[in-house]
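As given, the protein sequences belong to chains A and B, one line each in that order. Quick note: the first sequence uses numbering that gives the first Met the number 0, first residue 0, plus one each step. Quick note: the second sequence uses numbering that gives the first Met the number 0, first residue 0, plus one each step. Each residue gets a CB set at the ideal place from its N, CA and C atoms; glycine is no exception. Nothing here was measured: the structure is a model prediction, and the numbers come from that model. Read the structure below first, then the notes.
Protein chains: 2
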Amino acid sequence: MTTKSFDVVGIGNAIVDVLVQADDAFLDNHNLTKGTMALVDEGQAERLYASAGPGLETSGGSAANTLAGIAQLGGRAGFIGRVRDDQLGAIFAHDIRAVGARYETPAASSGASTARCLILVTPDAQRTMCTYLGASVGLDPADLDLEMVAQAQVLYLEGYLWDSDEAKQAFIAAADVARSHGGKVALSLSDAFCVERHRESFQALVDGHVDVLFANEMEITALYKSNSFEEALEQVRGRCAIAALTRSEQGSTVLSGDQTFTIPPYSLGPLVDTTGAGDLYAAGFLFGLTRGEDLERCGQLGSLCAGAVVTQLGPRPQCSLPDLLAQHLG
Amino acid sequence: MTTKSFDVVGIGNAIVDVLVQADDAFLDNHNLTKGTMALVDEGQAERLYASAGPGLETSGGSAANTLAGIAQLGGRAGFIGRVRDDQLGAIFAHDIRAVGARYETPAASSGASTARCLILVTPDAQRTMCTYLGASVGLDPADLDLEMVAQAQVLYLEGYLWDSDEAKQAFIAAADVARSHGGKVALSLSDAFCVERHRESFQALVDGHVDVLFANEMEITALYKSNSFEEALEQVRGRCAIAALTRSEQGSTVLSGDQTFTIPPYSLGPLVDTTGAGDLYAAGFLFGLTRGEDLERCGQLGSLCAGAVVTQLGPRPQCSLPDLLAQHLG
Numbered sequence: 000m001t002t003k004s005f006d007v008v009g010i011g012n013a014i015v016d017v018l019v020q021a022d023d024a025f026l027d028n029h030n031l032t033k034g035t036m037a038l039v040d041e042g043q044a045e046r047l048y049a050s051a052g053p054g055l056e057t058s059g060g061s062a063a064n065t066l067a068g069i070a071q072l073g074g075r076a077g078f079i080g081r082v083r084d085d086q087l088g089a090i091f092a093h094d095i096r097a098v099g100a101r102y103e104t105p106a107a108s109s110g111a112s113t114a115r116c117l118i119l120v121t122p123d124a125q126r127t128m129c130t131y132l133g134a135s136v137g138l139d140p141a142d143l144d145l146e147m148v149a150q151a152q153v154l155y156l157e158g159y160l161w162d163s164d165e166a167k168q169a170f171i172a173a174a175d176v177a178r179s180h181g182g183k184v185a186l187s188l189s190d191a192f193c194v195e196r197h198r199e200s201f202q203a204l205v206d207g208h209v210d211v212l213f214a215n216e217m218e219i220t221a222l223y224k225s226n227s228f229e230e231a232l233e234q235v236r237g238r239c240a241i242a243a244l245t246r247s248e249q250g251s252t253v254l255s256g257d258q259t260f261t262i263p264p265y266s267l268g269p270l271v272d273t274t275g276a277g278d279l280y281a282a283g284f285l286f287g288l289t290r291g292e293d294l295e296r297c298g299q300l301g302s303l304c305a306g307a308v309v310t311q312l313g314p315r316p317q318c319s320l321p322d323l324l325a326q327h328l329g
Numbered sequence: 000m001t002t003k004s005f006d007v008v009g010i011g012n013a014i015v016d017v018l019v020q021a022d023d024a025f026l027d028n029h030n031l032t033k034g035t036m037a038l039v040d041e042g043q044a045e046r047l048y049a050s051a052g053p054g055l056e057t058s059g060g061s062a063a064n065t066l067a068g069i070a071q072l073g074g075r076a077g078f079i080g081r082v083r084d085d086q087l088g089a090i091f092a093h094d095i096r097a098v099g100a101r102y103e104t105p106a107a108s109s110g111a112s113t114a115r116c117l118i119l120v121t122p123d124a125q126r127t128m129c130t131y132l133g134a135s136v137g138l139d140p141a142d143l144d145l146e147m148v149a150q151a152q153v154l155y156l157e158g159y160l161w162d163s164d165e166a167k168q169a170f171i172a173a174a175d176v177a178r179s180h181g182g183k184v185a186l187s188l189s190d191a192f193c194v195e196r197h198r199e200s201f202q203a204l205v206d207g208h209v210d211v212l213f214a215n216e217m218e219i220t221a222l223y224k225s226n227s228f229e230e231a232l233e234q235v236r237g238r239c240a241i242a243a244l245t246r247s248e249q250g251s252t253v254l255s256g257d258q259t260f261t262i263p264p265y266s267l268g269p270l271v272d273t274t275g276a277g278d279l280y281a282a283g284f285l286f287g288l289t290r291g292e293d294l295e296r297c298g299q300l301g302s303l304c305a306g307a308v309v310t311q312l313g314p315r316p317q318c319s320l321p322d323l324l325a326q327h328l329g
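This is the structure we're talking about:
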């Protein structure tokens, strides 16, 4: 596997985040469920934004955050996702390239504007997201750089792609290419509501096409309609080679065959904003995996990266991840 | 004065900031002088941005930050400045309205894009700025809402406006309107290089048209080519009703007639980014002044707001300024 040009190549929605502080009343007034991601159309996005407080704009997107994290860690990272040729699209492209990831998906020259996600951060540091998918849903197989996919040790995909038929088809085509070239396929379930929308499709995928599954407690219990996290663990066990299941302040559990690793969380300072926690967990985990680390160490790397991103506003660590690793994992 | 509709109306460049962490070598490689503001054209701005790290976008602009701060404090604030009808322009307009300031300057429908400022934040928390003025230099007297200017207790202007002939003319017209309606005129000298470019013009302005002058140590010594801060104090004394002179970690000095008030700084946490410190000092000071507070209290309000903004990344406080005041100044 070491002859591949990329450690991880990701496919996902190319999104610019708008981070806004909000209180619980704002969520209630707009019928938003705390901690989830809701899809909105352009009109809804504009109305929500108009009623929200001042924002901070920064590149986001679940898989894009993961790939940016892998690049920040020193991994060879590539990202595929579609923006429009507008100012937010230029910001997205700049930021992911600036951390050293390869990003070459052509920007659309017409149609919907670059995707944006209004992220409402409440005083309890939870984030509630409203996403206008814009140009990102137009990703189709023609946009795929299959050369890059074939050169990936791991192809990483976000479940959010299932919300667009074109993107879903693009992903399945890419997964076939990756596997036929000896690569592994990793999937993040993304969001519990997203799992509700695509449960059967995700279940079939996990059984047949996924080597590494990432999910949080809500997502994995939604996938199997489990009554508890423990029940979900046994339902997913053996269905894919590795399942890495995150539980916020309770750390994570990594399953592989009949092995179970319980990984404690890292607390690196006051909790500010949980945006990107799952994405950075996947970054640390996959960085370890592609370097041949054992699964416990992969989980620790994930925990540490997630622990760093939740102490700041925004989904991509502003600190040096290599310094952080050197300090905590020597 | 209490019959006016606005406490403070500001005129300035309408800018979106791009905050990027950088090291001293980056500044050296690009011939940038730490702590200053350099004007760049669109091509230079693109090249600098392409070579810089990932960014965080947020509304900025010196006077705009001040007016946003006054609105956050609960003051009646208005802002005049020109954006283009593009995505960054929409962000600027949203953010200043979201804190309660009135902002009605029509967005340009053609010509240069919205102004942006690449702010390089070094590990010592200093900020070095490269500004592409874009659409903001097109501000002309026709864009002025003279009704709003006439209704201002204080008209606040940034020295940066002098870098554009149209904007300068717009300002002078506005100052005449404000004064003829019984308002005061406040000016920030903005930047030492800006003072070098417009020294004679600024000197004449301070002597004849300015009631409240804001400057930091570098700017006031540049204005009078003084050999020391103490010498500059005596050179500016008596030339305008009030001079509020800031000195970073040494606090500030407020002069009025033969009175001198020395105001200590507030240290509210580790220094993260000095962007907006002067702008927020002016916000606190003018908020106090328009509420009839004595000059020492005005200086304390300025120090406290500046102390808050330097503990975070970005030029507009993300904390609640009214809570901060209640906590520290009762």
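Among the CB atoms of chain A, one or more fall inside 7 Å of the CB of B:Ala-97. Between A:Tyr-131 and A:Asn-12, the C-beta spacing is not below 7 Å. Distance from the CA atom of B:Ala-240 to the CA atom of B:Lys-224, rounded to whole angstroms, is 21 Å. Secondary structure note for A:Asp-206: its alpha helix (DSSP H) is the uninterrupted segment 198-207.
Of all residues in the stretch 36-62 of chain B, the ones placed with a Cβ closer than 8 Å to any Cβ belonging to chain A are Tyr-48, Ala-49, Ala-51, Gly-52, Pro-53, Gly-54, Leu-55, Glu-56, Thr-57 and Ser-58, in chain order. Listed along chain A are Pro-53, each with a C-beta nearer than 7 Å to that of B:Arg-315.
Around the beta-carbon of A:Gln-152, 16 or more other beta-carbon atoms lie within 10 Å, marking it buried.
Counting the other Cβ atoms within 10 Å of the Cβ of A:Ala-107 gives 16 or more, which makes it buried.
If you ignore the 5 residues before and after B:Met-128, its C-beta comes within less than 6 Å of the C-beta of Met-36, Cys-116 and Ile-118, all in its own chain and listed in chain order. By the neighbour-count criterion, in which a residue is buried when 16 or more other Cβ atoms sit within 10 angstroms of its Cβ, A:Lys-33 is exposed. By the beta-carbon neighbour count (other beta carbons within 10 angstroms, threshold 16), A:Ala-21 is buried. When DSSP reads this structure, A:Gly-77 sits in a beta bridge with A:Val-8 and A:Arg-101. By a beta-carbon distance limit of 8 Å, B:Ile-14 contacts B:Ser-135. Their separation comes to about 7 Å. One thing to note: A:Cys-304 has its Cβ no nearer than 7 Å to the Cβ of A:Leu-267. Ranked by Cα distance from A:Ser-109, the options A:Pro-122, A:Val-120, A:Arg-101 and A:Arg-83 are led by A:Arg-83. Legend: CB atoms of the stretch 262-280 of chain B lying less than 9 Å from CB atoms of chain A are not found in any residue. A distance below 7 Å separates the beta carbons of B:Gly-283 and B:Leu-300. Segment contact: the stretch 56-76 of chain B against the stretch 312-321 of chain A, fewer than three CB-CB distances shorter than 8 Å; contact not assigned. Here A:Ala-240 carries a coil assignment [DSSP, helix/strand/coil].
Put simply, the backbone Cα of A:Gly-88 is about 13 Å away from that of B:Asp-85. Beta-bridge partners of B:Thr-273 (DSSP): none assigned.
Under the Cβ distance rule, B:Leu-204 does not count among the residues neighbouring chain A, no pair being separated by less than 7 Å.
Residue nearest to B:Val-120 within the set B:His-93, B:Glu-295 and B:Val-17 is B:Val-17 (criterion: CA-CA distance). Residue-level contact check: A:Gln-86 touches chain B, since one or more beta carbons of chain B fall below 7 Å from its beta carbon. A:Asn-64 is bridged by DSSP to nothing; it lacks a bridge partner. Chain A places a beta carbon closer than 7 Å to that of B:Asp-94, counting this residue as a contact. Of the residues A:Ala-242, A:Gly-237, A:Thr-274 and A:Leu-232, the one whose Cα lies closest to the Cα of A:Asp-123 is A:Thr-274. A contact between stretches requires three or more CB pairs, one per stretch, nearer than 8 Å, and the stretch 46-57 of chain A fails this requirement with the stretch 69-76 of chain A.
Cβ atoms of B:Gly-291 and B:Tyr-155 stay farther apart than 8 Å, at about 17 Å. Here A:Cys-129 is bridged, per DSSP, to A:Ala-37 and A:Leu-117. In the DSSP assignment, A:Gln-326 falls within the unbroken alpha helix (DSSP H) covering 320-328. Secondary structure of A:Tyr-159 (DSSP, three-state): helix.
By the Cβ-count criterion, A:Pro-264 is buried, with 16 or more other Cβ atoms from all chains shown falling within 10 Å of its own Cβ. Just so you know, the alpha carbons of B:Ser-163 and B:Phe-91 end up roughly 20 Å apart. With a cutoff of 7 Å on beta-carbon distance, B:Ala-185 and B:Val-211 are scored as near each other. One Cα belongs to B:Asp-144, the other to B:Asp-293, and the distance between them is close to 30 Å.
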